[in-house]
Amino acid sequence: MLKKALLAAVALSVIAGSAMAQDVKVLRIGLDGSENEADQIRNTQCVADGLKAATGVPEVQIFPSPDYNGVIQGLLGGTIDIASMGASSYAAIELQKPDAVDPILTYTGSDGSSGYYSIMVARKDSGIKTLADLKGKKLGFADPDSTSGYLVPNVSLPADIGAPVKEYFSETGFGGGHENLVLAVLDGKFDAGTTFGSGVGKWEEGYTGGNLHQMVNKGNLDMDDIVEIWRSPLIPNGPLMVNNAVPADMKAKVKAFFLDLPKKDLACFQAYTQGQNKDYIEVNKAFYQTIIDARKSVIGG
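The sequence shown: position 214 = 1149 (my numbering), numbered continuously.
Right under this line is the structure:
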C-alpha cells in the first residue's frame, strides 16, 4: 500500500508539473530603456512573435522601462520573465536575491568575441582629445545600473586618471540611458560621456555593434561629430536572463528559441542584440563572477 501511495504521489507530482508548464498563459519581456522606447519595442517585436510560436504560449508581452532598475525590480518581483541586460544589472539581481534569475545565454560579436567595451566620447569640436583634457570638466554616465555606462568606468578610470572619479571631474551625472547620454554630450550638457560598443569595425559605422552603431543606423548620430577619449578593458557581453519562476520545461523552450534565432532570423537577432552579431552561446553565473564582485565592491549589495 505504501509503495502504491508513493507511486501515486510521484505520478500526481509529474502531472501537476506538466500542467503548470502548460498553464503558462503569458511570457513578459522587459526592456531597460538603454535606447528610446519606440525603437526598443520595434526591435523586440519579432522576438515576441517568434517566442509565442515556438513555445505555444498564448501571449508574449513587451514591457518597456524608462531605466534599468525598472526591469531589475520586475525580475526580482517576478513580473518580468525574460530580459537581456548588461552584466551589472544581472549582478544587482544576484546580490539582492541569489538565484532569482538564471543567466542562460549571451551573444557573440562580429569577430566571434563575447565581449565589448565602455567607450568615452566627447564632441569633436570641444578640443577634448585625452583624459588629461577632461580634468575639472563634466562627465556623464548612462545609468547607475549600466555595466559599461557606470560600473566599469568607476572601476577602471581611477588607475588611468590617477585619482578618484569624483575628485578628477568637476561634476558627474546620468544621461538616462545610453542613447540619451550621447545626445546630452552632443547638446553640451556633459563634456564627455560613457557608452558602449564592440570596438571593432569601422568608426564611421559606430563599430559593428553597440549603442553608437545603433544611433548611426537610426540616423541620429554622425561619428564625425564625436571623438573617442577612452576605452575600458573588455567587458563580458550581458546575459539573456530567464526568471526562475518560469517552469523548467518552458525555460528550456525559451532557451531553444533564442539559440536557434540567429540561424532562423538573423535580422531579428541582430536587431534585438543591437549589432552585426553572430550567435548565442551558453553562459552561467561563473561567466559574470568578476562583474558581480566589482559591483559589490563599487556599489554594494
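No residue lacks a Cβ here, since even glycine has one placed at the ideal position from N, Cα and C.
*Using the C-alpha atoms, what's the distance from Asn1146 back to Asn1115?*
Looking at the backbone, the Cα of Asn1115 and that of Asn1146 are separated by about 10 Å.
*Return helix, strand or coil for Val982, following the three-state DSSP convention.*
helix
_Where the beta strand (DSSP E) through Ser1053 begins and ends_ = Counting along the chain, the beta strand (DSSP E) containing Ser1053 begins and ends at 1050 to 1058.
*By a C-beta neighbour count over all protein chains shown, 10 Å radius and 16 as the cutoff for buried, is Thr1065 buried or exposed?*
Under this definition Thr1065 is an exposed residue.
*Tell me whether Gly1145 counts as near the ligand NAD, meaning its Cβ is closer than 7 Å to at least one heavy atom of that ligand.*
Of ligands this structure carries none, so the ligand NAD is not represented either.
*For my contact list, Phe1192 and Pro1038 are in at a C-beta cut-off of 8 Å; report their separation, rounded to the angstrom.*
Not confirmed; about 16 Å, so no contact.
*What does DSSP give as the partner residues of Tyr1215 in its beta bridges?*
Tyr1042
_8 Å Cβ cutoff met for Val992 and Leu1010_ = no
*Look at Leu962 and Arg1058 and say whether their C-beta atoms are less than 8 Å apart.*
no
*In terms of residue numbering, what span does the beta strand (DSSP E) encompassing Met1176 cover?*
Taken as a continuous stretch (DSSP letters only), the beta strand (DSSP E) holding Met1176 covers 1175 to 1178.
*asked:* Between Ser1167 and Val1087, how many whole angstroms is the CB-CB distance? I'm expecting something under 8 Å.
replied: 5 Å
_Measuring CB atoms only, is the stretch 1039 to 1046 touching the stretch 1204 to 1216, in the sense that at least three cross pairs come out at less than 8 Å?_
yes
*Beta carbon of Val1006, beta carbon of Asp967: below 8 Å?*
In this structure, Asp967 lies closer than 8 Å to Val1006 by Cβ.
*Could you spell out the range, first to last residue, of the beta strand (DSSP E) harbouring Leu1156?*
Note, Leu1156: premise wrong, no beta strand (DSSP E); not H, not E.
*First and last residue of the uninterrupted beta strand (DSSP E) at Leu1074*: 1073 to 1076
*Considering only C-alpha positions, which residue in the set Gly1084, Gly1021, Ile1164 is nearest to Thr1208?*
Gly1021
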